[in-house]
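Participant: Quick one: structure below, then a few questions.
Protein chains: 2
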Amino acid sequence: MEKSYMSMFLLLIAISCALAKDAAKKETKETKETTAKPKLPQTLSRGWGDQLIWTQTYEEALFRSKHSNKPLMIIHHLDDCPHSQALKKAFAENKDVQKLAEKFILLNLVYETTDKNLAPDGQYVPRILFIDPSLTVRADITGRYSNRLYAYEPTDISLLHSNMQKALKLLKTEL
Amino acid sequence: MEKSYMSMFLLLIAISCALAKDAAKKETKETKETTAKPKLPQTLSRGWGDQLIWTQTYEEALFRSKHSNKPLMIIHHLDDCPHSQALKKAFAENKDVQKLAEKFILLNLVYETTDKNLAPDGQYVPRILFIDPSLTVRADITGRYSNRLYAYEPTDISLLHSNMQKALKLLKTEL
């Protein structure tokens, strides 16, 4: 009996040592990972195209659009909305869309502005609106959903591309 | 005469070769640098503290301040203003200020908002305003310049620190 108790005791010690080692290893690994990867600064692109130039605020975007005579493209989205995330992935991975986006003043917003012109049929995400350099909202440039005119699904990326081309034909072209 | 023409000609060839080589070298170097350093994405911190959490827009900042019951600190600045740049350096390098800044909802803006409450004595940079979570602009928290009440120089960083402490004592504390 005494022997079996003893072996039981040794076994327990062995097991707890192994667990402790594992825990220590894990901790070291985690510490290493924390050290190796410093917190990345938040970006203005938020994943919609890191190589594109994004404006920070609506005021900045309007100013730049007016002064550069480029149309403005505003993407309303949310981090915890799967539709937004799926559209973002399609948008960021589509080379033609990314290339065409260079011709726009770009803004992506997680928080709505106070300007009601940016919500012609309500506030929802994802929602993409174009604004002419004359500061006119292009309410005529819509997607394929009648209940949410400015919504796009990832499968609508070619429609979005052609809408971007439409937006590039400015309402009032300065000579 | 013919000889001197010839040597002149050779000299010219030698010079243009050297110039061409230099140009080629420079070009290679530039290409290498471009390849080695990919374009960094624009950050919300804009150099005012990469490890801090920055909001993107005034609307977001107001929402977060109200809902987190943290005061909001808004820094107006410009990239091509040496006073802004000097204050930014002092702000980013001061550990006490950076530590205290964690207790705020933070926003730095290059473009002015349309809210006139953010310009009690005019629009200038650098200009720092505090807003209470009750959404009241703390016009009482000022710097040391009577003609520009919300301006700070790099040498005023300890005054800014004590103003931050003042702002943390909220006007209406929720129980």
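Line by line, the protein sequences are chains A and B.
Quick note, the first sequence lines up with residues 0 to 174 if you use numbering that gives the first Met the number 0.
Quick note, the second sequence lines up with residues 0 to 174 if you use numbering that gives the first Met the number 0.
Positions of the beta carbon are idealized from the N, C-alpha and C atoms, including for glycine.
Just so you know, these numbers come straight off a predicted model, no measurement behind them.
Compute the Euclidean distance between the alpha carbons of Tyr123 (chain A) and Leu170 (chain B), then round it to the nearest angstrom.
Facilitator: 34 Å
Participant: Using DSSP with H/G/I as helix, E/B as strand and the rest coil, what is His76 (chain A)?
Facilitator: coil
Participant: So if I threshold CB-CB distances at 8 Å, which residues from the segment 56 to 72 of chain B count as touching chain A?
Facilitator: So the list reads Thr56, Tyr57, Glu58, Glu59, Phe62, given in the order they occur along the chain.
Participant: What's the gap between the Cα of Leu108 (chain A) and the Cα of Ala85 (chain B)?
Facilitator: Rounded to whole angstroms, Leu108 (chain A) to Ala85 (chain B) spans 30 Å at the Cα level.
Participant: Between the segment 104 to 124 of chain A and chain B, which residues of the former have a C-beta closer than 8 Å to a C-beta of the latter?
Facilitator: Leu108, Val109, Tyr110, Glu111, Thr112, Thr113
Participant: So, Leu158 (chain B) versus Arg137 (chain B), is the Cβ gap smaller than 8 Å?
Facilitator: no
Participant: Measuring alpha carbon to alpha carbon, tell me which residue in B:Ile140, B:Pro132, B:Glu152, B:Ala89 is nearest His66 (chain B).
Facilitator: B:Pro132
Participant: Below 8 Å, how does it come out for the segment 89 to 102 of chain B and the segment 39 to 51 of chain A: are there three or more Cβ pairs, yes or no?
Facilitator: Contact fails: fewer than three Cβ-Cβ distances are below 8 Å.
Participant: For Gln97 (chain A), decide whether its Cβ has a neighbour in chain B, counting only Cβ atoms nearer than 8 Å.
Facilitator: no
Participant: Tell me whether the beta-carbon of Leu99 (chain B) lies closer than 8 Å to the beta-carbon of Met163 (chain B).
Facilitator: Yes, these two residues count as a Cβ contact at 8 Å.
Participant: From B:Pro119, B:Ile130, B:Thr135, pick the residue whose C-alpha is nearest to that of Arg147 (chain B); which is it?
Facilitator: B:Pro119
Participant: Is there a Cβ of chain A sitting closer than 8 Å to that of Lys165 (chain B), yes or no?
Facilitator: Not an interface residue.
Participant: For Thr154 (chain B), which of helix, strand or coil comes out of DSSP?
Facilitator: helix
Participant: Look at the Cβ atom of Pro125 (chain B), then the Cβ atom of Phe103 (chain B), and state whether they are nearer than 8 Å.
Facilitator: no
Participant: Report yes or no: is there a C-beta of chain B within less than 8 Å of the C-beta of Leu134 (chain A)?
Facilitator: Chain B, which has no Cβ nearer than 8 Å to the Cβ of Leu134 (chain A), makes this no.
Participant: Could you check how far apart the C-beta atoms of Leu127 (chain B) and Ile74 (chain B) are, in whole angstroms? I think they sit under 8 Å.
Facilitator: Checking the displayed sequence, the identity of residue 127 (chain B) turns out to be Ile instead of Leu. Confirmed, Cβ separation roughly 5 Å.
Participant: In this structure, how does DSSP classify Phe62 (chain B) when only helix, strand and coil are distinguished?
Facilitator: helix
Participant: Taking 8 Å as the CB-CB cut-off, is Ser44 (chain A) touching chain B?
Facilitator: yes
Participant: Could you check the C-alpha separation between Tyr110 (chain A) and Glu58 (chain B) for me, to the nearest Å?
Facilitator: 7 Å
Participant: Check the Cβ of Gln84 (chain B) against every Cβ in chain A and list those closer than 8 Å, keeping chain order.
Facilitator: Neighbours of Gln84 (chain B) on chain A: none; closest Cβ ~18 Å, over 8 Å.
Participant: Mapping DSSP to helix, strand and coil, what is Phe129 (chain B)?
Facilitator: Phe129 (chain B): strand per DSSP, three-state reduction.
Participant: Of all the CB atoms in chain A, is at least one closer than 8 Å to the CB of His76 (chain B)?
Facilitator: Contacts with chain A at 8 Å (Cβ-Cβ) do not include His76 (chain B).
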